[in-house]
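Enquirer:
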Amino acid sequence: MRIAPTNPDLLLHHYAWRNRTALWRAQIAESAFTASALLAFIGFGLWVVDPQWTVLLRSDASWARPLPATLLALTLATLLLLRGRAQRRALASVERNDWLAALPIEPDLRRQARRHRVALATAASALAMVAVIAWAASRAEQPAITLLIALPAGAVLGSVGVWLIPEGRAARSPVSRARAAAVNIAAETRGLELLGAALEPAVARLPKGAPWVAGSFMLLPPSTPSIAIPGLMLLFTAASLLLDLIVHWRARFLADQSWLAAQPLPAARLFNAYLGALAKRATLLSLVVGACLHALGAPAVFAWLLALALWLLFADAVLCAFATRLTPWQFPMLLMLHGAALLASLQVLPPAVPLVLLACAVLAWRRGVR
Amino acid sequence: MSDKLLEVRGLHLRFGENHVLRGVDLDIARGQLLGLVGPNGSGKTSLIRAITGLLPMHAGSLRVAGNELAADPLAARRNFGFAPDPARLPAALTGRQALSVTAAARGLADVPESALTLCERLGASRWLDQRIESCSLGTRQKFAILIGLTGDPPLLVLDEVMNGLDPISSHELKLELIERCERGCGVLLATHGLEIAPTLLTHAALLHDGRILHRWGAEELTAWRHADPGAFERAVVAALRAEVAR
């Protein structure tokens, strides 16, 4: 086997990518289904935000004037730069202990590989942004030229900057971070309860997904009264926090399931061990959301119904994770399918939504305990 | 070229307030196969990780083939091979690809024939083109060993590499290590397998609570090899019991 003498890190990622595409080709039906589901999801997202483009890109908007547009571009570039820098430092921290760490590789080579990988990922994000802006420009009526120039320019500037800026000092190593995340569990906690108890305090270190909430205002229809905006932002924030909780719990659940696999432990019992911690946090968050919505002026019934809906959606997502415990890669797909079923029933026959939700939950539970 | 492949002097290592290594001195010359034994938590893996530069030492000096690790890590690393923890191997790559990356890291144009021959001897050839994540623990261990031995570095640093190996591979690995030592390499082997000592090791050191508690030389081990193969195990246990009683 011939190999070109090249950067070992880049060679590693070249091989990993080649293997991944080979796997996609080998599982062509599943890959096609996942790609279709993803495209459908993106299509749905674009359809939902379509009426917003005209509002966001209108030429008479205050943010379309040259100075605010320039500031927007600079903010976008700075965000991309900061994200790229943080990613490079996180990679450097991981690489200090990886399997290549004891091999005689020039530090500059590893630095170059990190720069290459992060710059490529940033360029891909920037390209996606430019594509969305181009799509938006084609859909909006009389879009502001300033924004159409400034936003892509910011994205390009950010990705070029990621290539050019120095890496800076590496972040704390994952080992020390793991130690920092070590938690005290009450001495009286016993048995499987320990699994749920270990989950609880670490969740306080979340949320990582919260930044996407910043973009969620695009989902609001143009006719949304300004009074409703804080309430909706609150809902999005809560949803983001709950999503982070699921991601964190699911990783723990799969890991615990793996090391307890040889024990005579039914899947449902293991699952139940976490429910207390999950329900506590989800209930608390839902109550806060309900109370805040009511305080913002929403009628009590409406506020508490929304809080209940949030709780039920969370429960369904948790059940999706349970259902795919043996095939974890199917989790996003199942979540999307449930989401699509609920949205469809909401559009076609709103009174059927509780029934659809119940059906989804029952099916997921039965699949999980199988 | 220096006869000493490894010179460790006064090596101190701590995690916060926990002192893991307390002034370790260790030498390995060409042709020596030194076994590092000791109870769980005595600091064997930490010592190995400090020697390979994966953990920063807090005091002391460390030379590999005359190259100071702290001053010139690259030169030091060119002179040792380290078998990484099998759990840290790149799961998405095949064994052959991992060897190919290792060869590139060592500046080789291709996976050396010697690595592929050893792979055959260890019985891992049939798994060479499988993704590592689909391999058993024993096969991953074999790939980790092959990564450590690729490029024929003069010093081999191996931590519990016999774990998970089947009898044939274990036997072949021992033969390979002995052959390499006869060719002038040095080996540092951290192990709990005291039964392998009489047939494999030329030297041994007992690590306890971050200190070298006892050393055994070639004469003692050779004498035991012929007269009483169980003597090394008894000597280690006696030294540890005496230390615990103190």
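Each protein sequence line maps, in turn, to chains A and B.
The numbering used here puts the first sequence at residues 1 to 370.
The numbering used here puts the second sequence at residues 1001 to 1246.
Idealized CB from N, CA, C, for every residue including glycine.
In this text the structure is predicted, and so the values were computed from the model without any measurement.
Going by beta-carbon coordinates alone, are ALA37/A and LEU337/A separated by less than 9 Å?
Expert: One-based indexing of the first sequence puts residue 37/A at position 37. One-based indexing of the first sequence puts residue 337/A at position 337. Yes, they are a contact pair.
Enquirer: Can you find the residues in the same chain that come closer than 7 Å, C-beta to C-beta, to LEU1108/B, ignoring five residues on each side of it along the sequence?
Expert: Numbered from its first residue, the second sequence carries residue 1108/B at position 108. Answer for LEU1108/B: GLY1151, listed in chain order.
Enquirer: Rounded to whole angstroms, how far is the Cβ of HIS13/A from the Cβ of ARG117/A, which I believe are closer than 8 Å?
Expert: For this step, residue 13/A is matched to residue 13 along the first sequence. For this step, residue 117/A is matched to residue 117 along the first sequence. HIS13/A to ARG117/A, Cβ: 7 Å. Contact.
Enquirer: Check ARG139/A in the structure and name its three-state DSSP category.
Expert: By one-based count along the first sequence, residue 139/A stands at place 139. Three-state result, ARG139/A: helix.
Enquirer: Taking only beta carbons into account, state which residues of the stretch 20 to 41 of chain A come closer than 8 Å to chain B, listed in chain order.
Expert: Within the stretch 20 to 41 of chain A, the residues whose Cβ lies closer than 8 Å to some Cβ of chain B are ARG20, listed in chain order.
Enquirer: Answer with buried or exposed for ARG325/A, where buried requires no fewer than 16 other C-beta atoms within 10 angstroms of its C-beta.
Expert: Taking the first sequence and counting its residues from 1, one reaches residue 325/A at position 325. Result: buried.
Enquirer: Give the DSSP-derived three-state secondary structure of LEU1006/B in the structure shown.
Expert: By one-based count along the second sequence, residue 1006/B stands at place 6. Note: LEU1006/B maps to strand in three-state DSSP.
Enquirer: Can the beta-carbon of LEU1175/B be found less than 9 Å from the beta-carbon of ILE1048/B?
Expert: Here the question's residue 1175/B lines up with position 175 in the second sequence. Here the question's residue 1048/B lines up with position 48 in the second sequence. No, Cβ-Cβ distance for LEU1175/B and ILE1048/B is not below 9 Å.
Enquirer: If you draw a straight line from the alpha carbon of VAL132/A to that of PRO104/A, how long is it in whole angstroms?
Expert: Within the first sequence, numbered from 1, the residue matching residue 132/A stands at position 132. Within the first sequence, numbered from 1, the residue matching residue 104/A stands at position 104. Their backbone Cα atoms lie some 44 Å apart in a straight line.
Enquirer: Which word fits GLN1032/B, buried or exposed, when buried means at least 16 other C-beta atoms lie within 10 angstroms of its C-beta?
Expert: Position 32 of the second sequence holds residue 1032/B. Buried is the call here.
Enquirer: Give the straight-line distance between the Cα atoms of ALA282/A and PHE271/A, rounded to the nearest whole angstrom.
Expert: Stepping through the first sequence from its first residue, residue 282/A is reached at position 282. Stepping through the first sequence from its first residue, residue 271/A is reached at position 271. Each residue's alpha carbon lies about 16 Å from the other.
Enquirer: Using alpha carbons as the reference points, say which of LEU1011/B, PHE1015/B, ARG1009/B, GLY1035/B lies closest to HIS1203/B.
Expert: For this step, residue 1203/B is matched to residue 203 along the second sequence. Looking at the Cα atoms, GLY1035/B is the closest of the given residues.
Enquirer: What do you get for TRP329/A, buried or exposed, if any count of 16 or more other CB atoms within 10 angstroms of its CB means buried?
Expert: Taking the first residue of the first sequence as 1, we reach residue 329/A at position 329. Result: exposed.
Enquirer: Let me see if you follow: with CB-CB separation under 9 Å, is ASP1152/B close to chain A or not?
Expert: Here residue 1152/B corresponds to residue number 152 of the second sequence, with the count starting at 1. Chain A, which has no Cβ nearer than 9 Å to the Cβ of ASP1152/B, makes this no.
Enquirer: Strictly below 7 Å CB to CB, what residues from chain A border PHE1232/B?
Expert: Residue 1232/B sits at position 232 when you count from the first residue of the second sequence. Result: empty, since nearest Cβ-Cβ is about 29 Å, beyond 7 Å.
Enquirer: Considering Cα atoms alone, identify which of GLU1120/B, LEU1128/B, GLU1220/B, LEU1207/B is closest to GLU1172/B.
Expert: Along the second sequence, one-based indexing puts residue 1172/B at 172. Nearest of GLU1120/B, LEU1128/B, GLU1220/B, LEU1207/B to GLU1172/B, Cα basis: GLU1120/B.
Enquirer: Would you tell me roughly how many angstroms separate the C-alpha atoms of LEU285/A and VAL369/A, rounded to the nearest one?
Expert: As a working mapping, residue 285/A is identified with position 285 in the first sequence. As a working mapping, residue 369/A is identified with position 369 in the first sequence. In a straight line, the C-alpha of LEU285/A is about 28 Å away from that of VAL369/A.
Enquirer: Rank LEU1062/B, ARG1225/B, SER1125/B, GLU1195/B by C-alpha distance to the C-alpha of VAL1037/B and give the top, closest one.
Expert: Indexing the second sequence from 1 puts residue 1037/B at position 37. The residue with the shortest Cα to Cα distance from VAL1037/B is GLU1195/B.
Enquirer: Within the continuous beta strand (DSSP E) that includes HIS1192/B, where are the two ends?
Expert: In the second sequence, residue 1192/B corresponds to position 192, counting from 1. It is not in any beta strand (DSSP E) - HIS1192/B carries neither H nor E in the DSSP assignment.
Enquirer: If the cut is a Cβ gap below 8 Å, which residues of chain B does ALA16/A touch?
Expert: Translated into positions along the first sequence, residue 16/A becomes position 16. What ALA16/A touches in chain B: PRO1090, ALA1092, LEU1093.
Enquirer: Give every residue of the same chain whose Cβ lies closer than 7 Å to the Cβ of ALA69/A, excluding the five residues on either side of it in the sequence, and list them in chain order.
Expert: To locate residue 69/A, count along the first sequence from 1; it is residue 69. Within the same chain, ALA69/A has close Cβ partners TRP63, THR146, LEU147, ALA150.
Enquirer: Using a C-beta to C-beta distance shorter than 8 Å, which residues of chain A count as neighbours of GLY1053/B?
Expert: As a working mapping, residue 1053/B is identified with position 53 in the second sequence. What GLY1053/B touches in chain A: ALA101, ALA102.
Enquirer: Indicate whether at least one CB of chain B lies closer than 9 Å to the CB of LEU427/A.
Expert: The question about residue 427/A has no answer here: the residues shown for chain A are numbered 1 through 370.
Enquirer: If you reduce the DSSP assignment to three classes, tell me which class ARG177/A lands in.
Expert: Mapped onto the first sequence, residue 177/A falls at position 177. Residue placement at ARG177/A is flagged as unreliable, the pLDDT there being 43, under the threshold of 50; the coordinate-derived value follows with that caveat. Helix.
Enquirer: List the residues of chain A that LEU1006/B touches, going by C-beta distances under 7 Å, in chain order.
Expert: Reading the second sequence from its first residue, position 6 is the one you call residue 1006/B. Chain A residues near LEU1006/B: none, gap ~14 Å exceeds 7 Å.
Enquirer: Buried or exposed: LYS280/A, going by 16 or more other Cβ atoms within 10 Å of its Cβ?
Expert: Numbered from its first residue, the first sequence carries residue 280/A at position 280. Counting Cβ neighbours within 10 Å, LYS280/A comes out exposed, since fewer than 16 surround it.
Enquirer: Using 9 Å as the limit for Cβ to Cβ distance, is GLN1097/B near chain A?
Expert: Here residue 1097/B refers to the residue found at position 97 when the second sequence is read from its first residue. Yes, GLN1097/B counts as interfacial toward chain A.
Enquirer: Would you list, in chain order, the members of the stretch 100 to 129 of chain A that have their beta-carbon closer than 7 Å to a beta-carbon of chain B?
Expert: Cβ contacts with chain B: LEU100, ALA101, ALA102, LEU103, PRO104, ILE105, GLU106.
Enquirer: Would you say ALA1104/B faces chain A, with C-beta separation under 9 Å as the test?
Expert: Working through the second sequence from its first residue, we reach residue 1104/B at position 104. At least one chain A Cβ lies under 9 Å of ALA1104/B.
Enquirer: In angstroms with no decimal places, state the Cα-to-Cα distance between ALA180/A and SER1114/B.
Expert: Along the first sequence, read from residue 1 onward, the residue named residue 180/A stands at position 180. Along the second sequence, read from residue 1 onward, the residue named residue 1114/B stands at position 114. The predicted model places ALA180/A with a pLDDT of 43, which falls under 50 and marks its position as unreliable, so this point remains unresolved.
Enquirer: If you follow the beta strand (DSSP E) that ALA359/A is part of, which residue opens it and which one closes it?
Expert: Walking along the first sequence from the start, residue 359/A turns up at place 359. Segment 353 to 369 is the alpha helix (DSSP H) holding ALA359/A; no beta strand (DSSP E) there.
Enquirer: So, for CYS292/A: in the same chain, excluding its five sequence neighbours on each side, which residues have a beta-carbon less than 7 Å away from its beta-carbon?
Expert: The residue given as residue 292/A occupies position 292 in the first sequence. LEU234, listed in sequence order.
Enquirer: Have a look at ALA277/A and ALA303/A and give me their C-alpha separation to the nearest angstrom.
Expert: Stepping through the first sequence from its first residue, residue 277/A is reached at position 277. Stepping through the first sequence from its first residue, residue 303/A is reached at position 303. Their Cα atoms are separated by approximately 24 Å.
Enquirer: Give me the Cα-Cα distance between SER176/A and GLY158/A, rounded to the nearest whole angstrom.
Expert: Here residue 176/A is taken as the residue at index 176 of the first sequence, counted from 1. Here residue 158/A is taken as the residue at index 158 of the first sequence, counted from 1. Only weak support exists for where SER176/A lies, its pLDDT of 46 falling under 50; the value from the coordinates is given anyway. For SER176/A and GLY158/A, the distance between alpha carbons rounds to 31 Å.
Enquirer: Can you check the stretch 74 to 140 of chain A for any alpha helix (DSSP H) of at least 4 residues that lies completely inside it and give the ranges in chain order?
Expert: Taking only runs of at least 4 residues, the alpha helix (DSSP H) segments lying wholly in the stretch 74 to 140 of chain A are 107 to 139.
Enquirer: Return the chain-ordered list of same chain residues with a C-beta closer than 6 Å to the C-beta of PRO143/A, the five sequence neighbours on each side being excluded.
Expert: Taking the first residue of the first sequence as position 1, residue 143/A is located at position 143. Cβ neighbours of PRO143/A beyond the five flanking positions: LEU57, ALA137.
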